[in-house]
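Here the structure is laid out as structure tokens; the discussion comes afterwards.
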Amino acid sequence: MKTIVLGVGNPILQDDGVGIHVINELREHLKDSRVILDIAYTGGMNLLDMIRGFDKVILVDAVKQEGSKTGEVKRFSLTEAPAVHSCNPHDVSLSEALLLAKQLGEEHLPQEIVVIGIVVKNTLDFGEQLSKEVASAVPTAVNLVLTELKNA
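No gaps in the numbering here: position 28 of the sequence shown is 17 in my numbering, and each next residue is one more.
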């Protein structure tokens, strides 16, 4: 099974870059040549290009979810993920991009897309450091991705 793990975010918008931090940590722990680790700085149609041809996709991204504690790590399917921050206001969401690709007859789309979401509050302030709550969630997210890969 061809799998890609994509960390999504902006590395200079503090907690928005959490997906990138998780990928960097995964590089230290994962040495499986069947799994591609990559970073995406944008969502929508650009993500579609990156995931085409893979059987399984694991997106790691900042999410905003009312009633959840900052730093919580959750697993979602793409369709149930709340406010995945990988959508650009000048683009379509990944869900919309996938729907369009299917309507156009694209045959090389992933069978499964999983979102590992780290709950954040602030994705607008400039800075390269994660907040304390979100930084402490990185090891949990790494372990969740590793578990997801074992179950693939």
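For every residue, glycine included, the Cβ atom is placed at its ideal position computed from N, Cα and C.
Between which residues of its own chain and residue i is the CB-CB distance below 8 Å, once the five residues before and five after are set aside?
i: I1; result: F115, G116 and E117
i: I12; result: V(-6), L(-5), G(-4), L26, D27, I28 and V49
i: D44; result: M(-10), K(-9), T(-8), P99, Q100 and E101
i: L119; result: Q3, D4, G6, V7, H10 and V127
Grab me the residues of residue i's own chain with a C-beta within less than 6 Å of its C-beta, minus the 5 sequence neighbours each way, in chain order.
i: G8; result: G(-4), V(-3), G(-2), V49 and D50
i: V46; result: I(-7), I40, P99 and I102
i: K63; result: G106
Under a Cβ-count criterion, where at least 16 other Cβ atoms within 10 Å of its own Cβ denotes burial, should residue i be classed as buried or exposed?
i: H10; result: buried
i: K121; result: exposed
i: L36; result: buried
i: I21; result: Note on residue identity: the sequence assigns Asp, not Ile, to residue 21. It is exposed - the Cβ of D21 has fewer than 16 other Cβ atoms within 10 Å.
In whole angstroms, what separates the C-alpha of residue i from that of residue j?
i: E55; j: K139; result: 30 Å
i: L108; j: T129; result: It should be pointed out that residue 108 corresponds to Val in this sequence rather than to Leu. So the two alpha carbons sit approximately 12 Å from each other.
i: L135; j: H97; result: 25 Å
i: H74; j: E137; result: With a pLDDT of only 47 at H74, under 50, the local geometry of the prediction cannot be trusted, and no value is derived from it.
i: K58; j: D4; result: 14 Å
i: L67; j: N111; result: 22 Å
i: V127; j: V24; result: 19 Å
i: L19; j: A141; result: 15 Å
Leaving aside the five residues before and after residue i along the sequence, list all residues of the same chain whose C-beta is less than 7 Å from its C-beta, in chain order.
i: F65; result: V104 and G106
i: L15; result: V(-6), L26, V131 and V134
Out of the options, which one is the CA nearest neighbour of residue i?
i: G6; options: N132, R23, V52 and E137; result: V52
i: S125; options: V134, V131 and G60; result: G60
i: E17; options: K63, A141, E137 and V131; result: V131
Could you spell out where the beta strand (DSSP E) holding residue i opens and where it closes?
i: G106; result: E101 to V108
i: K45; result: K45 to V52
i: K63; result: V62 to S66
What residue does the alpha helix (DSSP H) around residue i start on, and which one ends it?
i: R16; result: V7 to H18
i: T136; result: V127 to K139
i: K(-9); result: Taken as a continuous stretch (DSSP letters only), K(-9) belongs to no alpha helix (DSSP H), as it is neither H nor E.
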